[in-house]
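Sequences listed follow chains A and B, in order.
Going by the numbering used here, the first residue of the first sequence is number 9, and it counts up by one from there.
Going by the numbering used here, the first residue of the second sequence is number 41, and it counts up by one from there.
Here's the structure, in structure tokens; my notes come after.
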Amino acid sequence: DAMVIQNPRYQVTQFGKPVTLSCSQTLNHNVMYWYQQKSSQAPKLLFHYYDKDFNNEADTPDNFQSRRPNTSFCFLDIRSPGLGDAAMYLCATSRFQQGVDSPLHFGNGTRLTVT
Amino acid sequence: AQKVTQAQTEISVVEKEDVTLDCVYETRDTTYYLFWYKQPPSGELVFLIRRNSFDEQNEISGRYSWNFQKSTSSFNFTITASQVVDSAVYFCALSLYGGATNKLIFGTGTLLAVQP
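Here it is as structure tokens:
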């Protein structure tokens with residue numbers, strides 16, 4: 009089945025140690041998103057890629073970076089994780105075509121713990 | 041500014057009861073989308089429905105139904121004959137038209153617990 013896959017499901021990193029979360033999709037969608045969801049809160053958009061064009065949200069900290077080497081893969085890099093970055097990170101995709109955007113399809117998420 | 045309010049933080053019902061989850065939104069735009077997503081304990085967000093602002097028809101899908109009323113800026117979600125598998129956090133969300141910026145503005149979610 010076509011889907012959005014996030015690896016790993018659980019990631020533990022140390023304070024200040026860089027970490028990379030990965031997302032892949034078989035939907036051939038041209039837009040990919042990264043959301044951060046802290047405990048008992050709503051998901052919050054960090055950034056998205058429209059094809060290769062990167063779009064950062066104004067309030068996303070510089071500590072968060074992203075790469076999209078091809079249509080299928082997108083990575084979230086946290087350069088120096090702090091305790092406040094512990095959260096569920098959700099990858100999502102959509103297809104934008106002829107002015108119409110499809111609903112977002114989400115992956116299972118990666119739960120990041122910072123020790 | 042856009043905002044989505046889900047006033048019900050937690051709801052607990054007994055299996056087979058009907059339950060309605062409330063959603064009120066704010067936007068000055070005339071064209072927008074409204075969504076409902078389900079987040080079970082496993083964590084993924086499961087898409088349930090999208091409704092555009094021009095379509096006020098109510099929708100029914102099995103045990104799920106949605107009531108969209110622009111006059112009250114509400115997009116409520118009803119589960120009929122609830123089941124234990126319906127236990128999850130339900131998010132209502134809003135996004136605006138225009139460009140590949142499907143930025144979902146989420147409400148804070150309603151935790152639904154269905155007891156056997």
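All C-beta atoms, glycine included, are put in the ideal place defined by N, C-alpha and C.
Spatial distance of residue i from residue j (CA atoms)
i: residue 32/A; j: residue 12/A; result: 6 Å
i: residue 47/A; j: residue 93/A; result: 11 Å
i: residue 150/B; j: residue 131/B; result: 7 Å
i: residue 60/A; j: residue 72/A; result: 17 Å
i: residue 101/A; j: residue 147/B; result: 20 Å
i: residue 50/B; j: residue 89/A; result: 31 Å
i: residue 117/B; j: residue 88/B; result: 10 Å
i: residue 156/B; j: residue 57/A; result: 43 Å
i: residue 62/A; j: residue 95/A; result: 22 Å
Nearest to residue i (by Cα), restricted to the options the options
i: residue 79/B; options: 136/B, 134/B and 125/B; result: 125/B
i: residue 45/A; options: 60/A, 29/A, 82/A and 97/A; result: 97/A
i: residue 145/B; options: 34/A, 35/A and 50/A; result: 50/A
i: residue 134/B; options: 156/B, 56/B, 97/B and 74/B; result: 74/B
i: residue 37/A; options: 78/A, 29/A and 90/A; result: 78/A
i: residue 114/B; options: 122/B, 143/B, 82/B and 97/B; result: 97/B
i: residue 101/B; options: 84/B, 120/B and 43/B; result: 120/B
i: residue 110/B; options: 127/B, 71/B and 129/B; result: 71/B
i: residue 103/A; options: 29/A, 25/A, 34/A and 14/A; result: 34/A
i: residue 65/A; options: 58/A, 53/A, 76/A and 57/A; result: 53/A
i: residue 44/B; options: 112/B, 152/B, 127/B and 128/B; result: 112/B
Proximity below 8 Å, CB of residue i to CB of residue j
i: residue 23/A; j: residue 108/A; result: no
i: residue 55/A; j: residue 74/A; result: yes
i: residue 39/A; j: residue 120/A; result: no
i: residue 86/B; j: residue 122/B; result: no
i: residue 127/B; j: residue 116/A; result: no
i: residue 3/A; j: residue 42/A; result: Residue 3/A lies beyond the residue range present for chain A, which begins at 9 and ends at 123; the question has no answer from this structure.
Short CB-CB distance (under 8 Å) between residue i and chain C
i: residue 37/A; result: Note that chain C does not occur in the displayed structure, where the protein chains are A and B.
Could you tell me whether the segment 51-66 of chain B touches the segment 107-121 of chain A, using the rule of 3 or more Cβ pairs below 8 Å?
No: fewer than three Cβ pairs fall under 8 Å.
Taking contact to mean 3 or more Cβ pairs, one atom from each stretch, closer than 8 Å, check whether the segment 62-76 of chain B and the segment 84-98 of chain B are in contact.
They touch, by the three-pair rule.
Minimum length 3: unbroken beta strand (DSSP E) runs contained in the segment 28-79 of chain A
The segment 28-79 of chain A contains these whole beta strand (DSSP E) runs: 39-45, 52-58, 61-64 and 72-75.
Runs of 3 residues minimum, wholly inside the segment 81-152 of chain B: which ones carry the beta strand (DSSP E) assignment?
Entirely contained in the segment 81-152 of chain B, the beta strand (DSSP E) runs reaching 3 residues are, in chain order, 86-92, 99-101, 104-109, 114-119 and 128-136.
Residue ranges of each beta strand (DSSP E) run of no fewer than 3 residues wholly in the segment 48-74 of chain B, ordered along the chain?
Scanning the segment 48-74 of chain B for uninterrupted beta strand (DSSP E) segments of 3 residues or longer gives 50-54, 59-61 and 64-66, listed from N- to C-terminal end.
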